[in-house]
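Read through the structure below, which is laid out as structure tokens, and then see the notes.
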Amino acid sequence: MKSEQTRARIRVAAAKVIERDGAGHLTLEKVAAEAGVSKGGLLYHYPSKDALLQGLLDHLLENRAGLVDDLGSADEVSNAALLNNLIDADFDLPKDERIMAQGLIAASAENADLLAPAKQYVEGLFEQLGTSNATAAPARTILLASQGLQFLELLGLLSLNTTERNEIRQHLKSLTQELASC
6 MKSEQTRARI
16 RVAAAKVIER
26 DGAGHLTLEK
36 VAAEAGVSKG
46 GLLYHYPSKD
56 ALLQGLLDHL
66 LENRAGLVDD
76 LGSADEVSNA
86 ALLNNLIDAD
96 FDLPKDERIM
106 AQGLIAASAE
116 NADLLAPAKQ
126 YVEGLFEQLG
136 TSNATAAPAR
146 TILLASQGLQ
156 FLELLGLLSL
166 NTTERNEIRQ
176 HLKSLTQELA
186 SC
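Residue 6 is where the sequence shown starts when you use the numbering used here, and the numbers rise one by one after that.
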């Protein structure tokens with residue numbers, strides 16, 4: 006358990022370094038100092054910068070996979086229930102996870118392979134939402150709208166106020182209710 010707590014502390018420290026200095030200035034030395042561990046201690050958990058970045062991505066993807074697992078088996082989950090959970094996760098993304106995601110986007114410019122697990126996850130999700138001919142297009146559109154908004158915000162291309170975000174969130178969730186009636 007203590008090992009996982011240390012790994013979590015290191016991930017949060019990496020997010021702080023990314024927020025303060027930018028993803029291009031993320032170094033293992035800065036992360037170790039921010040986490041209050043020795044560089045050797047950090048290397049025990051994450052043997053390279055790429056391993057640390059992969060750890061950030063794995064953490065984000067595990068949290069996403071947990072949203073589906075909480076609903077039951079993938080075969081039993083309705084598109085509406087899945088989308089409602091994903092919309093809530095997108096709109097309620099904790100600040101440290103948002104910063105991790107921003108850092109991963111920036112790091113992927115240097116190492117596109119870094120995002121391979123995320124690509125697999127998104128493709129699987131897109132496929133899962135396409136299993137019903139009656140709801141595939143609307144379900145996928147809702148997913149793309151929610152994810153697209155989050156991506157634009159992560160890139161700093163769009164900044165909505167709380168009222169605007171809440172209106173969009175509620176509209177997306179109302180669209181998922183329409184799916185439930187199909």
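Cβ coordinates follow ideal geometry from the N, Cα and C atoms, glycine included. Bear in mind the structure is a predicted one, so any value in this text is a computation, not a measurement.
- Contact check for Ala38 against Ile15 fails: the beta carbons are separated by 9 Å or more.
- Gly108 is classed as buried because its beta carbon has at least 16 other beta carbons within 10 Å across all chains shown.
- Shown here, Asp74 sits in a helix according to DSSP, grouped into three states.
- Per the coordinates, the alpha-carbon of Gly45 lies some 16 Å from the alpha-carbon of Ala19.
- DSSP places Tyr126 within a helical segment (H, G or I) once states are collapsed to three.
- The beta carbons of Leu33 and Leu47 sit about 6 Å from each other, so the pair counts as a contact at 8 Å.
- In this structure, the CA atom of Ser151 is about 10 Å from the CA atom of Lys178.
- Taking Glu158 as reference, the option from Gln59, Asp97, Arg12 with the minimal CA-CA separation is Asp97.
- Rounded to the nearest angstrom, the Cβ distance from Ala106 to Leu65 is 6 Å, consistent with a contact under 8 Å.
- When DSSP states are grouped into helix, strand and coil, Asn166 belongs to the coil group.
- The criterion of a C-beta distance shorter than 9 Å is satisfied by Leu119 and Asp55.
- Collapsing the DSSP output to three states places Ser43 in coil.
- Counting only runs of 4 or more residues that sit fully inside the segment 6 to 57, the alpha helix (DSSP H) segments are 7 to 26, 33 to 40, 44 to 50, in chain order.
- Cβ-Cβ distances below 6 Å link Gln155 to Asp95 in the same chain, with the five nearest sequence neighbours on each side left out; the list follows chain order.
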